[in-house]
């Protein structure tokens with residue numbers, strides 16, 4: 067299409083140029099000679115696309131067409147592959163989000179009943195695979211818990227000086243119980259679970 071536009075443009079420009087020369091030249095034998103030359107040049111311009119085709123090596127012409135089509139196909143292939151990866155990433159994120167919601171709902175009530183803790187967030191990290199196998203491909207599960215206080219209820223403060231304060235050990239025991247409960251309920255390796263409770267952080271999804 068570009069070749070045709072260029073060809074027609076050249077002819078129109080030459081016709082305008084020839085018309086200006088014809089108007090400027092006086093009537094004489096020279097004018098007839100100029101008109102003949104202009105006519106020959108115009109004829110060559112009109113035949114130039116055919117002459118170009120005749121002068122091109124057919125093998126070279128076909129090779130250029132194949133090369134152009136090949137590059138276009140490669141670009142299209144890359145674009146399709148990119149779109150495919152974007153769709154897969156979006157589907158993966160949606161699946162993990164739905165799984166996190168289901169896992170949260172599965173343990174929320176029991177955690178509230180047994181420990182007075184509510185699940186604020188569950189986030190999953192998995193292996194980079196197209197076809198995920200759950201729970202096998204789960205690498206880490208990060209759980210954020212919040213302490214739920216009952217409004218209007220005042221707990222009595224009892225200080226027993228006969229027993230040493232051992233809060234870190236109590237925290238560790240509570241962490242162990244919660245992680246064991248979550249691992250059992252979700253049927254995953256306990257070492258993959260990291261739990262955080264309002265400023266406290268238990269477990270790092272590594273070996274314990």
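Residue numbers (the numbering used here): 67 to 274.
Backbone N, C-alpha and C define an ideal beta-carbon position, used for all residues, glycine too.
Closest by C-alpha distance to residue 253, when choosing among 133, 201, 205
Counting from one through the chain shown, the residue named residue 253 turns up at place 187. Answer by Cα proximity: 201.
Figure out for me which residue from 236, 152, 162 has the closest Cα to the Cα of residue 206.
Residue numbering aside, residue 206 sits at position 140 when the chain shown is read from its first letter. Here the closest residue by C-alpha is 162.
Please determine whether the Cβ atom of residue 249 lies at a distance below 6 Å from any heavy atom of the ligand FAD.
In the structure shown, the ligand FAD is absent, as is every other ligand, since no ligand is present at all.
May I have the straight-line CA-CA distance separating residue 183 from residue 155, to the nearest angstrom?
Translated into positions along the chain shown, residue 183 becomes position 117. Translated into positions along the chain shown, residue 155 becomes position 89. Approximately 33 Å between the Cα atoms of the pair.
With the cut-off set at 7 Å, would you say residue 166 and residue 185 are in Cβ contact?
Taking the first residue of the chain shown as position 1, residue 166 is located at position 100. Taking the first residue of the chain shown as position 1, residue 185 is located at position 119. Remark: C-beta atoms of residue 166 and residue 185 do not approach each other more closely than 7 Å.
Using a 10 Å radius around the Cβ and a threshold of 16 neighbouring Cβ atoms, would you call residue 259 buried or exposed?
Working through the chain shown from its first residue, we reach residue 259 at position 193. The residue in question, residue 259, is buried, as its Cβ has 16 or more Cβ neighbours within 10 Å.
Sorted by chain position, which residues of the same chain lie with C-beta nearer than 6 Å to residue 115's C-beta, five sequence neighbours on each side aside?
Locating residue 115 in the chain shown gives position 49, counting from the first residue. Answer for residue 115: 73, listed in chain order.
Over the uninterrupted beta strand (DSSP E) stretch that includes residue 208, give me the two end residues.
What you label residue 208 is simply residue 142 of the chain shown in a count that begins at 1. Counting along the chain, the beta strand (DSSP E) containing residue 208 begins and ends at 204-213.
Since residue 248 and residue 173 should fall inside the 8 Å C-beta cutoff, what is the C-beta to C-beta distance between them, to a whole number of angstroms?
Within the chain shown, the letter at position 182 stands for residue 248. Within the chain shown, the letter at position 107 stands for residue 173. Yes, residue 248 and residue 173 are in contact; Cβ-Cβ is about 6 Å, under 8 Å.
Are residue 83 and residue 111 closer than 7 Å when you measure CB to CB?
Within the chain shown, residue 83 is the residue found at index 17, counting from 1. Within the chain shown, residue 111 is the residue found at index 45, counting from 1. For residue 83 and residue 111, no; Cβs fall outside 7 Å.
Whole-angstrom C-beta distance between residue 213 and residue 179, which should lie under 8 Å:
What you label residue 179 is simply residue 113 of the chain shown in a count that begins at 1. What you label residue 213 is simply residue 147 of the chain shown in a count that begins at 1. Their Cβ separation, rounded to whole angstroms, is 14 Å, which puts residue 179 and residue 213 out of contact at 8 Å.
Nearest-angstrom Cα distance between residue 208 and residue 256?
The count along the chain shown starts at 1 and reaches residue 208 at position 142. The count along the chain shown starts at 1 and reaches residue 256 at position 190. Taking the straight line joining both Cα atoms gives about 12 Å.
Using beta-carbon positions only, say whether residue 138 and residue 210 come within less than 7 Å of one another.
Translated into the one-based positions of the chain shown, residue 138 becomes position 72. Translated into the one-based positions of the chain shown, residue 210 becomes position 144. No, the Cβ-Cβ distance between residue 138 and residue 210 is not below 7 Å.
Within 10 Å of its beta-carbon, does residue 244 have 16 or more other beta-carbons around it, so buried, or fewer, so exposed?
As a working mapping, residue 244 is identified with position 178 in the chain shown. It is buried - the Cβ of residue 244 has at least 16 other Cβ atoms within 10 Å.
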